[in-house]
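Chemist: If you scroll down you'll find the structure; I have some questions about it.
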Amino acid sequence: MGVASLKDRKNPRFIKRYPVTIKVGSKRIMGFSIDLSSSGLAMSSKKSLDLGQKVTIDIKAGRFPISLQGNVRWCKKTTRADTRKDGFEMGFEIGARNPEYVELLEKVITELDLQQTDQTYQEDLHISYETRWQFVMDYEKNIKSNKLFIPTIKPFQVMQKIKFTMHLLEYMRILHAEGTIMYVVDENDTKNRGKPQGVGLQIDKYRFGDDALMKEFVKKAGGNI
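In structure tokens form, the structure reads like this:
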């Protein structure tokens with residue numbers, strides 16, 4: 001078995017405990033999640049697996065488990081937080097993300113954001129990016145120039161001021177901003193011109209210092225600020 005050193009392990013984005021079952025053939029390893037994102041997850045368990053091993057991951061976050069395919073990226077010996085006994089922490093890279101898992105990530109970061117953000121900030125609209133590359137591409141093409149298109153069927157008016165957020169599901173962070181609606185693509189536009197419904201925004205300002213955080217994320221992903 002290969003065990004990665006502590007320095008090889010990425011810092012968790014946050015801690016959220018859900019029961020996790022790892023399946024490899026007839027073998028089952030039980031534990032709890034300690035880190036979640038669109039690219040992978042980490043868990044605490046009594047047992048470990050070989051690096052690179054392909055697994056099925058079941059996350060119990062509701063009535064039915066969310067099932068994902070992945071492989072073991074890292075593993076380290078540790079003391080388990082729930083029992084204070086020796087155990088392991090393992091990180092898994094996720095293959096295809098199903099809608100149920102994406103919905104769980106949205107729920108988790110929204111709950112976390114509500115705990116940390118000024119309660120007077122109430123968003124009117126949000127856009128989600130499942131991967132860092134989707135976000136960087138939109139940043140370099142639009143956001144960098146203070147413009148953004150958000151798909152939505154909600155009714156808005158041109159020149160309307162709104163508060164909106166960007167959900168970065170690989171970084172598991174929410175960026176907060178305010179903007180002005182410059183144009184609206186409605187149902188008729190969609191039928192006649194084939195464009196998706198939504199609104200085009202001018203980004204007026206970021207809240208809570210999130211402009212600096214955004215540039216940090218873009219830089220980490222290799223994008224151009």
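Residue numbers in the sequence shown follow the UniProt record's numbering, run continuously in steps of one, and reach 225 at the last position. Even for Gly, the Cβ is constructed at its ideal location relative to N, Cα and C.
Quick one: Cα of threonine 58 to Cα of arginine 73, how far?
Modeler: Here residue 58 refers to the residue found at position 58 when the sequence shown is read from its first residue. Here residue 73 refers to the residue found at position 73 when the sequence shown is read from its first residue. Correcting the residue identity first, residue 58 is aspartate in this sequence and not threonine. Approximately 17 Å, taken between the alpha carbons.
Chemist: Kindly confirm or deny that the stretch 162-178 and the stretch 127-146 touch, where touching means at least three C-beta pairs closer than 8 Å.
Modeler: Yes, the stretch 162-178 touches the stretch 127-146.
Chemist: Contact defined as beta carbons within less than 8 Å: I believe lysine 180 pairs with aspartate 204. What is the distance between those atoms, to the nearest angstrom?
Modeler: The sequence position of residue 180 within the sequence shown is 180, counting from 1. The sequence position of residue 204 within the sequence shown is 204, counting from 1. Sequence inspection shows threonine at residue 180; the lysine mentioned does not correspond to that position. With 8 Å as the limit, threonine 180 and aspartate 204 qualify as a contact, their Cβ atoms being about 6 Å apart.
Chemist: Do glycine 198 and proline 155 count as a contact pair if the criterion is CB distance below 9 Å?
Modeler: Position 155 of the sequence shown, counted from the start, is the residue given in the question as residue 155. Position 198 of the sequence shown, counted from the start, is the residue given in the question as residue 198. No, these two residues do not count as a Cβ contact at 9 Å.
Chemist: Sorted by chain position, which residues of the same chain lie with C-beta nearer than 6 Å to glutamate 178's C-beta, five sequence neighbours on each side aside?
Modeler: Within the sequence shown, numbered from 1, the residue matching residue 178 stands at position 178. Within the same chain, glutamate 178 has close Cβ partners Lys163, Asp204, Lys205.
Chemist: CA-CA distance, isoleucine 66 and glutamate 100?
Modeler: Numbered from its first residue, the sequence shown carries residue 66 at position 66. Numbered from its first residue, the sequence shown carries residue 100 at position 100. Going by the C-alpha atoms only, they are around 7 Å apart.
Chemist: Is proline 19 helix, strand or coil when you go by DSSP?
Modeler: Translated into positions along the sequence shown, residue 19 becomes position 19. Correct three-state label for proline 19: strand.
Chemist: Write down every uninterrupted run of the beta strand (DSSP E) in the stretch 163-215 whose length is 3 residues or greater and which is fully enclosed by it, in chain order.
Modeler: Fully enclosed beta strand (DSSP E) runs of 3 or longer: 173-185, 198-206.
Chemist: Please state the DSSP three-state secondary structure of valine 55.
Modeler: On the sequence shown, residue 55 is found 55 positions in, with the first residue counted as 1. Note: valine 55 maps to strand in three-state DSSP.
Chemist: Along the alpha helix (DSSP H) that carries glutamine 134, what are the first and last residues, could you check?
Modeler: Reading the sequence shown from its first residue, position 134 is the one you call residue 134. Here the alpha helix (DSSP H) through glutamine 134 covers 132-141.
Chemist: Taking all protein chains shown into account, do 16 or more other C-beta atoms lie within 10 angstroms of the C-beta of glutamate 89, making it buried, or fewer, making it exposed?
Modeler: If you number the sequence shown from 1, residue 89 lands on position 89. With 16 or more other Cβ atoms within 10 Å, it is buried.
Chemist: I need the boundaries of the alpha helix (DSSP H) containing tyrosine 121, first residue and last residue.
Modeler: For the purposes of this step, residue 121 is taken as residue 121 along the sequence shown, with counting starting at 1. Looking at the DSSP string, tyrosine 121 is not in any alpha helix (DSSP H), and its letter there is neither H nor E.
Chemist: Considering only residues of the same chain and omitting the five flanking positions on each side of methionine 214, which have a CB-CB separation below 6 Å?
Modeler: Your numbering for residue 214 matches position 214 in the sequence shown. Counting only Cβ-Cβ distances below 6 Å, and skipping sequence neighbours, we find Leu175.
Chemist: Once the 5 residues before and after glutamine 53 are set aside, which same chain residues still bring their CB inside 8 Å of it?
Modeler: Residue mapping note: residue 53 aligns to position 53 of the sequence shown, counting from 1. So the qualifying residues of the chain are Val24, Asn71, Val72.
Chemist: Counting only the same chain and skipping the five closest in sequence on each side, list residues whose C-beta sits under 8 Å from that of glutamine 160.
Modeler: The residue labelled residue 160 in the question sits at position 160 within the sequence shown. The residues are Thr180, Ile181.
Chemist: Whose C-beta lies closer than 6 Å to the C-beta of aspartate 113 among residues of the same chain, with five residues either side of it excluded?
Modeler: In the sequence shown, counting from the first residue as 1, residue 113 sits at position 113. Excluding positions up to five away in sequence, the list reads Ile174.
Chemist: Classify alanine 96 as buried or exposed, calling it buried when 16 or more other Cβ atoms lie within 10 Å of its own Cβ.
Modeler: For the purposes of this step, residue 96 is identified with residue 96 of the sequence shown, where counting begins at 1. That one is exposed.
Chemist: Quick check: leucine 125 and serine 37, are their CB atoms within less than 9 Å of each other?
Modeler: The sequence position of residue 125 within the sequence shown is 125, counting from 1. The sequence position of residue 37 within the sequence shown is 37, counting from 1. Cβ atoms of leucine 125 and serine 37: not closer than 9 Å.
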